[in-house]
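Residue numbers (our numbering): 21 to 418. All C-beta atoms, glycine included, are put in the ideal place defined by N, C-alpha and C. Quick notes on the structure that follows.
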C-alpha cells in the first residue's frame with residue numbers, strides 16, 4: 021500500500037509494537053508497526069471483529085538469530101485501539117462525512133414501500149416486507165393515502181403516530197414526504213436506543229471499514245469515500261445487493277427489538293442431538309439459499325417441546341471461511357474455522373407466532389421470511405454490541 025497517506029493517530033503497545041490509524045482520503049486502515057523489524061502492515065478495521073483472532077509478530081531477541089514470536093489477543097489491543105480511534109474521531113473530515121452519511125442512511129432505511137392494490141396486502145413481496153413503512157395508496161381517492169408503520173409501537177412511542185397512519189395527498193408518498201411529517205424525528209426522540217443508535221452504529225461501521233454485519237462490504241465502503249464530500253451521496257436502496265443484506269437485518273432488528281432478549285442462541289457441533297437431549301422433537305425443515313443466514317446454504321430444522329418452547333437448528337451446508345462472519349458472534353466455546361458451526365435459536369412458541377404476525381402486515385404469515393428476520397436480527401444485535409467498544413467515540417454510545 022502507498023505510504024503517502026496520513027498517520028492520524030498512533031499509540032505504542034510496548035517496545036515491540038505500535039498501532040496507528042492511516043488514511044488517504046478513503047476508509048482508514050489499522051497500521052501494525054513492528055518496531056523491532058521496522059515493518060508495517062495495513063489492515064481494514066473489520067479484522068478486529070473476529071474475537072478469537074491473535075496478532076503475532078516476530079521480534080529479535082539477543083542470541084537468537086531467528087527471533088521469537090510475540091502474540092497479542094484483541095483484548096490486549098483494545099485499550100490501545102480505543103485510544104487511536106478516539107483521536108481519529110476528532111478528525112474533522114470524518115466527523116462531517118459521518119453526519120452527512122447518517123442522514124442519507126436514515127432516509128434509505130425509512131423509504132416506504134408503495135402499495136396500490138388492497139389485494140397485495142394478502143401476501144406482500146419480500147422486498148416490501150423488508151421495509152419499515154408502507155405508503156398505502158389503496159383508498160378511493162387517487163393519490164391520497166397513509167404512511168403506515170410496518171413495526172409495532174412500543175410504550176414510549178405510542179402517540180407519535182396516529183393509529184390510522186400519517187395522511188398524505190397528491191401521491192406525495194416518498195421518504196422526503198415522510199420526513200416532513202416529523203414522524204422519524206419523534207420516534208428518535210421517544211426511543212433513541214431503537215431508532216437513532218442503530219443508524220449511527222451502521223453509518224460509522226460502514227465508513228470506518230468494518231464488515232457489513234459479518235459480510236465483506238469493503239468495495240461499497242470504498243465507493244462511499246470515492247463519492248467525494250457526500251454533497252451528492254452515492255445512490256442506493258435498502259435492498260441494494262452491495263449492502264450484503266445489511267438493510268434487511270436492520271429492519272428485522274428494529275421491528276422485533278423487544279423480542280431479541282427473549283431469544284437464546286448458542287453454538288453446537290450437533291444441534292439435532294443436543295436439542296433432542298433437551299426434550300425437543302423435530303417438526304419440519306426449511307432450506308435457505310446462500311447469503312440469508314450465512315455465506316453458504318443453510319438448513320433450518322424446527323423443534324418443539326411440551327413446555328411451549330420452540331428451537332431452530334441452523335446447519336450450514338458448507339464450511340464457513342475464516343472472517344466470513346458466519347457464527348462469529350455466538351460460537352461458545354470458541355471453535356476453529358474448519359469445524360462445522362451449527363447455531364441454535366430457542367424461544368417461546370408464542371413469541372414466534374407474534375413475529376409471524378408482525379412480518380405479515382395483516383396478510384399471510386411466511387415462515388421463511390420470519391425465520392430470516394429473527395435470526396438475522398439477533399446477529400445484527402450482537403454485531404452492533406461487538407462494535408461499540410471501538411466506535412463509541414464516533415457515535416456517543418458508551
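- When the alpha-carbon of residue 376 is set against those of 365, 388, 366, the nearest one is in 388.
- Residue 168 and residue 242 have their C-alpha atoms roughly 35 Å apart.
- Approximately 6 Å separates the beta-carbon atoms of residue 157 and residue 134; this is inside 8 Å, confirming the contact.
- Note on residue 268: 16 or more other CB atoms within 10 angstroms of its CB, so buried under the neighbour-count rule.
- The DSSP-derived three-state label of residue 111 is coil.
- Distance from residue 38 to residue 29 at the Cβ level is roughly 11 Å; contact not present, criterion being Cβ atoms closer than 8 Å.
- Under the three-state reduction of DSSP output, residue 307 falls in the strand class.
- For the 8 Å CB-CB criterion, residue 121 and residue 223 form a contact.
- Counting C-beta pairs with one atom in each stretch, the stretch 280-299 and the stretch 323-333 have three or more that are closer than 8 Å, which means they touch.
- Annotation for residue 307: 319 place their beta carbon closer than 6 Å to its own, counting only its chain and skipping 5 residues before and after.
- Taking the CA atoms as reference points, residue 399 sits about 25 Å from residue 50.
- Between residue 89 and residue 74, the CB-CB gap reaches or exceeds 8 Å.
- Between residue 264 and residue 235 the beta-carbon gap is near 4 Å, inside 8 Å, which marks them as a contact.
- Assigned with DSSP and collapsed to three states, residue 205 falls in helix.
- Only residues of its own chain outside the window of five on either side were considered, and among them 29, 30, 31, 39, 40, 41 have a CB closer than 7 Å to the CB of residue 104, listed in chain order.
- Under the three-state reduction of DSSP output, residue 36 falls in the coil class, being neither helix nor strand.
- Rounded to whole angstroms, the separation of the alpha carbons of residue 317 and residue 324 is 23 Å.
- DSSP, read as helix, strand or coil, puts residue 379 in helix.
- In the three-state scheme derived from DSSP, where H, G and I count as helix and E and B as strand, residue 404 is classed as helix.
- Exclusion of the five residues before and after residue 76 leaves 89, 91 as the residues of its chain whose Cβ lies within less than 6 Å of its Cβ.
- The stretch 361-373 makes contact with the stretch 274-290; the number of CB pairs closer than 8 Å reaches 3 or more.
- Annotation: the continuous alpha helix (DSSP H) that includes residue 245 extends over 238-246.
- At the C-beta level, residue 413 and residue 394 stay beyond 8 Å of one another.
- Per DSSP, the unbroken beta strand (DSSP E) holding residue 60 starts and ends at 59-63.
- For the pair residue 278 and residue 382, the CB atoms are not nearer than the 8 Å cut-off.
- For residue 221, the uninterrupted alpha helix (DSSP H) segment begins and ends at 212-228.
- In its chain, beyond the 5 residues on either side, 217, 220, 221, 224, 408 have a beta carbon closer than 8 Å to the beta carbon of residue 415.
- In the same chain as residue 300, and ignoring 5 residues on each side of it, the C-beta atoms closer than 6 Å to its own belong to 323, 325, 331, in chain order.
- Per DSSP, residue 53 is not a residue of any alpha helix (DSSP H); the beta strand (DSSP E) it occupies stretches across 49-54.
- Taking all protein chains in view, the Cβ of residue 213 is surrounded by fewer than 16 other Cβ atoms within 10 Å, so the residue is classified as exposed.
- Straight-line measurement puts the Cα of residue 379 at about 10 Å from the Cα of residue 143.
- Going by C-alpha positions, residue 189 is about 25 Å away from residue 258.
- Cβ neighbours of residue 282 within its own chain (closer than 8 Å, five residues either side excluded): 367, 368, 371.
- Here residue 170 is near residue 154, since their CB atoms are less than 8 Å apart.
- With respect to the C-alpha of residue 312, the residue from 97, 391, 159, 87 having the closest C-alpha is 391.
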